[in-house]
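Enquirer: Residue numbers (the numbering used here): 30 to 373.
Beta carbons: idealized from backbone N, C-alpha and C, even for Gly.
Pasting a structure here, questions to come.
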Ligand code: AQP
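In structure tokens form, the structure reads like this:
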């Protein structure tokens with residue numbers, strides 16, 4: 030079902046599974062803010078139901094959820110203009126997620142590379158939820174009839190699965206009910222890599238804290254991590270094409286470009302021929318100047334957790350007002366009797 034028939038609506042989510050990284054910020058949250066500022070209806074979620082697909086300490090999960098909410102707002106998401114809430118407060122996600130478990134095919138799920146990466150050699154021991162994660166993600170998107178999903182490169186396959194689920198549901202039931210949402214993967218920071226290994230993505234759950242920059246890192250920590258970031262012995266080249274085969278160097282240039290809102294070619298025009306001993310301090314200074322206001326604003330918001338909870342409750346109510354009628358109609362399409370007169 031082409032998205033042109035639907036009112037444009039943006040949905041995306043991030044797991045409250047620990048500190049938000051520079052990768053999450055540049056690849057996702059910065060884009061969330063730009064889309065909000067474009068005036069499209071935007072719905073952004075702290076996906077706590079996804080986070081529990083791997084073990085989370087309950088007290089830490091609550092803290093991480095509030096911290097992520099604070100990070101969203103500190104990065105520029107405005108709870109008046111965007112709907113901000115945590116997933117478990119809107120039960121329609123889990124309910125539609127189950128229905129989609131019955132639409133998605135096992136063969137489709139078996140092709141999901143993120144499950145293979147995360148489960149690794151342990152596939153027999155990980156939770157069933159980790160395997161079913163992409164069908165819950167499809168429900169997150171489609172329960173709002175969202176048309177656009179800003180994500181980093183690593184989530185492209187999951188958004189494509191959401192399209193397949195929407196198409197199969199529409200086909201099986203002979204309806205034109207769910208849109209096939211478009212992934213929005215733009216800019217120079219769609220895949221920020223680990224500072225220790227240019228072949229792995231920067232990730233909250235990497236065991237090495239030196240592999241990532243967290244939004245809560247202070248200036249000294251940011252500078253130290255960039256100074257110690259792995260590079261190669263060559264100076265910076267003149268053109269982006271010459272960064273091919275130099276993953277660590279390319280990564281640092283892309284981070285600079287995205288933080289400075291510059292094209293990679295312009296960054297290289299400025300630094301061509303310079304060694305990393307000159308580029309890294311400039312990058313550290315830029316990163317500190319961009320991230321310090323964010324971490325300070327997060328700190329102020331976290332001083333008042335009740336206010337954060339209030340914002341999440343209000344966002345949850347606004348989200349449910351969109352999701353519940355879409356879920357009700359889904360049940361009707363499936364032929365399920367819904368004779369109770371009660372609120373979710
Ligand atoms: N390294 C990255 N570069 C660009 N974008 C990234 N994203 C994640 N890492 C990078 C984007 O951030 C959004 C939120 O991701 P998530 O928290 O839902 O899960 P994830 O993709 O699994 O991110 P992490 O940081 O690797 O989390 P953990 O370690 O908890 O699994 C998504 O849009 C993602 O593309």
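Per DSSP, what kind of secondary structure is residue 50 in: helix, strand or coil?
Expert: Three-state DSSP puts residue 50 in a strand.
Enquirer: CB-CB under 6 Å to residue 198, same chain, minus the five flanking residues each way: which ones, in chain order?
Expert: The answer, listed in chain order, is 132, 207.
Enquirer: Are the CB atoms of residue 260 and residue 300 within a distance shorter than 8 Å?
Expert: No, these two residues do not count as a Cβ contact at 8 Å.
Enquirer: Under 7 Å from any heavy atom of the ligand AQP, does the C-beta of residue 230 make it?
Expert: The answer is yes for residue 230.
Enquirer: What are the boundary residues of the beta strand (DSSP E) that residue 294 is part of?
Expert: Premise fails: residue 294 lies in the alpha helix (DSSP H), 293 to 300, not in any beta strand (DSSP E).
Enquirer: Between which two residues does the beta strand (DSSP E) holding residue 211 run?
Expert: Per DSSP, residue 211 belongs to the beta strand (DSSP E) from 211 to 213.
Enquirer: Looking only at C-alpha atoms, which of 158, 147, 143, 153 sits nearest to residue 186?
Expert: Minimum Cα distance to residue 186 is reached at 143.
Enquirer: Beta carbon of residue 44: closer than 7 Å to some heavy atom of the ligand AQP?
Expert: For the ligand AQP, at least one heavy atom lies less than 7 Å from the Cβ of residue 44.
Enquirer: Where in the stretch 200 to 243 do unbroken runs of the beta strand (DSSP E), each at least 3 residues long, occur, reported from the N-terminal end onward?
Expert: DSSP runs (the beta strand (DSSP E)) wholly in the stretch 200 to 243: 211 to 213.
Enquirer: Bridge partners of residue 113, per DSSP?
Expert: DSSP lists 73 as partners of residue 113.
Enquirer: Closest by CA to residue 253, which one among 157, 33, 225?
Expert: When only C-alpha atoms are compared, the closest one is 225.
Enquirer: To the nearest angstrom, report how far apart residue 355 and residue 76 are at their CA atoms.
Expert: When rounded, the distance between both Cα atoms is 19 Å.
Enquirer: Kindly identify the DSSP beta-bridge partner or partners of residue 43.
Expert: According to DSSP, residue 43 bridges with 75.
Enquirer: Does the Cβ of residue 41 lie closer than 7 Å to at least one heavy atom of the ligand AQP?
Expert: Yes; taking the cut-off as 7 Å, the Cβ of residue 41 has a heavy atom of the ligand AQP nearer than that.
Enquirer: Can you check whether the CB of residue 43 is closer than 8 Å to the CB of residue 348?
Expert: No, the Cβ-Cβ distance between residue 348 and residue 43 is not below 8 Å.
Enquirer: Is the separation between the beta-carbon of residue 172 and that of residue 57 shorter than 8 Å?
Expert: Taking 8 Å as the Cβ cut-off, residue 172 and residue 57 do not qualify as a contacting pair.
Enquirer: Between the alpha carbons of residue 272 and residue 127, how many angstroms are there, rounded?
Expert: Answer to the nearest angstrom: the Cα atoms are 45 Å apart.
Enquirer: To the nearest whole angstrom, what separates the beta carbons of residue 40 and residue 214, a pair I think is in contact under 8 Å?
Expert: Actually they do not touch by this definition, with Cβ atoms about 15 Å apart.
Enquirer: Kindly list the residues whose CB is nearer than 6 Å to the CB of residue 192, restricted to its own chain and excluding five residues on each side of it in sequence; keep chain order.
Expert: Within the same chain, residue 192 has close Cβ partners 209.
Enquirer: Output yes or no for whether 8 Å exceeds the beta carbon distance between residue 59 and residue 104.
Expert: Against a cut-off of 8 Å, the Cβ pair of residue 104 and residue 59 comes out as a contact.
Enquirer: Could you tell me which uninterrupted alpha helix (DSSP H) segments, each at least 4 residues in length, are contained entirely in the stretch 124 to 154, listed from first to last along the chain?
Expert: Fully enclosed alpha helix (DSSP H) runs of 4 or longer: 135 to 139, 142 to 148.
Enquirer: Please determine whether the Cβ atom of residue 227 lies at a distance below 7 Å from any heavy atom of the ligand AQP.
Expert: No, since every heavy atom of the ligand AQP falls outside the 7 Å radius drawn around the Cβ of residue 227.
Enquirer: Is there contact here, the stretch 264 to 284 with the stretch 61 to 73, by at least three beta-carbon pairs under 8 Å?
Expert: Touching, no.
Enquirer: Since residue 179 sits in a beta bridge, which residues does DSSP pair it with?
Expert: Answer is 213.
Enquirer: In or out: residue 345 buried (at least 16 other Cβ within 10 Å) or exposed?
Expert: Buried is the call here.
Enquirer: What three-state label does DSSP hand residue 38 in the structure shown?
Expert: In the structure shown, residue 38 sits in a strand (DSSP, three-state: E or B).
Enquirer: Would you give the residue range spanned by the alpha helix (DSSP H) that residue 377 belongs to?
Expert: Residue 377 lies beyond the range of the chain shown here (30 to 373); nothing can be said about it.
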